[in-house]
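To start, the structure itself, in structure tokens.
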Amino acid sequence: MNKCSGCGSLLQTIDCKLEGYTKSLDNPLCERCFRIKHYNDYQVLIKDNVDYIDILNSINKTNDLVILVVDLFSIPAHLAEIRNIINNNPMLLVLTKRDLLPKSLYEDKIINYFNQYHLGVCDTILISSNTNYHLDELLIKIKQYKTSTKVYVIGYTNAGKSSMMNKLLYNYTDNKFSSITTSILPSTTLNTIEAIIDDDLTLIDTPGLLENGSIANFISVDTLKKITPMKTIRPITYQVKGHQIFIIDEILRLDCNSSNSITFFLSNKLVINRIYKDKDNLIDLTKHILNIKGHQDIVITGLGFIKIIEACIITVYTINGVDVYLRDSLI
Ligand SMILES: Nc1nc2c(ncn2[C@@H]2O[C@H](COP(=O)(O)OP(=O)(O)OP(=O)(O)O)[C@@H](O)[C@H]2O)c(=O)[nH]1
Ligand SMILES: [Mg+2]
Numbered sequence: 436m437n438k439c440s441g442c443g444s445l446l447q448t449i450d451c452k453l454e455g456y457t458k459s460l461d462n463p464l465c466e467r468c469f470r471i472k473h474y475n476d477y478q479v480l481i482k483d484n485v486d487y488i489d490i491l492n493s494i495n496k497t498n499d500l501v502i503l504v505v506d507l508f509s510i511p512a513h514l515a516e517i518r519n520i521i522n523n524n525p526m527l528l529v530l531t532k533r534d535l536l537p538k539s540l541y542e543d544k545i546i547n548y549f550n551q552y553h554l555g556v557c558d559t560i561l562i563s564s565n566t567n568y569h570l571d572e573l574l575i576k577i578k579q580y581k582t583s584t585k586v587y588v589i590g591y592t593n594a595g596k597s598s599m600m601n602k603l604l605y606n607y608t609d610n611k612f613s614s615i616t617t618s619i620l621p622s623t624t625l626n627t628i629e630a631i632i633d634d635d636l637t638l639i640d641t642p643g644l645l646e647n648g649s650i651a652n653f654i655s656v657d658t659l660k661k662i663t664p665m666k667t668i669r670p671i672t673y674q675v676k677g678h679q680i681f682i683i684d685e686i687l688r689l690d691c692n693s694s695n696s697i698t699f700f701l702s703n704k705l706v707i708n709r710i711y712k713d714k715d716n717l718i719d720l721t722k723h724i725l726n727i728k729g730h731q732d733i734v735i736t737g738l739g740f741i742k743i744i745e746a747c748i749i750t751v752y753t754i755n756g757v758d759v760y761l762r763d764s765l766i
């Protein structure tokens, strides 16, 4: 059976509500990929990780190199879990979307930050598929560490795996026309997709694992467009004195009670409102009381992070089901 060249699903003409639907099996793309590519029209698919674990298990039976792609702006809360499934293969860690974070950051500090996940990687590289940052270096590393002609590209959904594959294909092959479908929605790639770079190297894209605690699972496509940064984030710092409240759209509220310096790393399309008098805005969202040691980030999974300098207690309200966690400051 033919596969859709955009998402890897098996093409079918029977049920337009199921993945892989196309009017004619001669089409290279399923209807969903066609609409994403030509009309920017996204159709949300409800998927489950069980659909993807088999693919990862079969990769684990090989000795092939895997590239673990991680979105630097939105590091998954449970990143190490993927290493429990892929525990056999040599792994190259690729930290992507470098263009979203300020130019001035120390890349060595970021690379060291990932030591805490004990991923046992052979190497780490920061890249940006959007700006071609470090892609030449990435290809050199892939060729250096690969153990056969096959290299698998794995990670969580929306990490930027397919975008990276497209850029490698575009930059380093004569294939300028076919491209894997990419989108801001979770679960864009639905099955494995092979991309031949040369006789000695075939990259294999895979569907990303879902992050159950990501805010992307709980909001409309329009809100997702708003919270997804498209260019370098301009961090916004507030000097807080006494009781102050920050309200960010209908999705986030932060209550601070002591002097502090607070820096928001969020999409600049979001408006941050600071208020000084207690109001009952957004208190029906889920409440998280955070005991901060100082020099930590509050991570709102899928939305961004907030750097806090001084030790304090901050109360965060956000959508029910979204993972909120603390980490040592990334930047
Ligand atoms: N700013 C920026 N955005 C990127 C970069 N790479 C990917 N993106 C964006 O991230 C979103 C997800 O990219 P995809 O390539 O579809 O992610 P994926 O990992 O293949 O996702 P699944 O197929 O769902 O597993 C898209 O909106 C891309 O445009 C990058 O280097 N910089
Ligand atoms: Mg993909």
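In terms of the numbering used here, the sequence shown has 445 at position 10, counting the first letter as 1, and numbering is strictly consecutive. For every residue, glycine included, the Cβ atom is placed at its ideal position computed from N, Cα and C.
With a 10 Å radius around its C-beta and 16 neighbouring C-beta atoms as the bar for buried, classify residue i as buried or exposed.
i      : result
Gln731 : buried
Asn498 : exposed
Asn601 : buried
Arg709 : exposed
Pro537 : exposed
Asp657 : exposed
Ile481 : exposed
Lys532 : buried
Gln551 : exposed
Tyr541 : exposed
Asn652 : buried
Where residue i and residue j are concerned, what is the direct C-alpha to C-alpha distance, given to the nearest angstrom?
i      : j      : result
Thr608 : Leu636 : 11 Å
Thr627 : His569 : 25 Å
Glu629 : Leu445 : 14 Å
Ala746 : Tyr580 : 43 Å
Ile727 : Thr624 : 38 Å
Leu765 : Leu659 : 23 Å
Leu528 : Ser563 : 13 Å
Cys431 : Arg467 : The requested residue 431 is not part of the displayed model; the chain covers only 436 to 766.
Thr616 : Ile682 : 35 Å
Ile724 : Ile741 : 15 Å
Tyr605 : Ile632 : 9 Å
Ile707 : Asp684 : 7 Å
Ser694 : Ser539 : 26 Å
Pro664 : Val588 : 23 Å
Asn567 : Val556 : 23 Å
Among the residues of its own chain, which have a CB less than 7 Å from the CB of residue i, if the five just before and after it don't count?
i      : result
Asn484 : Leu644 and Leu645
Lys585 : Asp499, Thr637 and Ile639
Gln674 : Ser696
Would you say residue i and residue j are within 8 Å of each other, going by their C-beta atoms?
i      : j      : result
Leu701 : Ile754 : no
Pro525 : Leu500 : yes
Ile510 : Leu491 : no
Leu771 : Leu603 : The structure shown has nothing for residue 771, since the chain only spans 436 to 766.
Ile733 : Val759 : yes
Arg762 : Asn716 : no
Val504 : Lys596 : yes
Ser440 : Ser613 : yes
Leu453 : Asn437 : no
Ile671 : Phe699 : yes
Gly648 : Gly756 : yes
Gly739 : Phe508 : yes
Asp690 : Thr750 : yes
On the premise that residue j lies in contact with residue i, defined as a C-beta separation below 8 Å, what is that separation, rounded to the nearest angstrom?
i      : j      : result
His473 : Ala515 : No, His473 and Ala515 are not in contact; Cβ-Cβ is about 39 Å, not under 8 Å.
Gly737 : Ile650 : 4 Å
Asn593 : Asp534 : The Cβ separation is near 16 Å, so there is no contact.
Lys666 : Lys704 : No, Lys666 and Lys704 are not in contact; Cβ-Cβ is about 10 Å, not under 8 Å.
Ile546 : Thr559 : 5 Å
Pro642 : Tyr487 : 5 Å
Answer with yes or no whether the minimum CB distance from residue i to chain C is below 8 Å.
i      : result
Asn475 : Annotation note: the requested chain C is absent from the structure, which comprises a single protein chain.
Near residue i, what residues of its chain come up, given a Cβ to Cβ distance below 8 Å and the 5 sequence neighbours on each side ignored?
i      : result
Cys465 : Cys439, Gly441, Cys442, Ser444, Leu446, Glu454, Gly455, Tyr456 and Thr457
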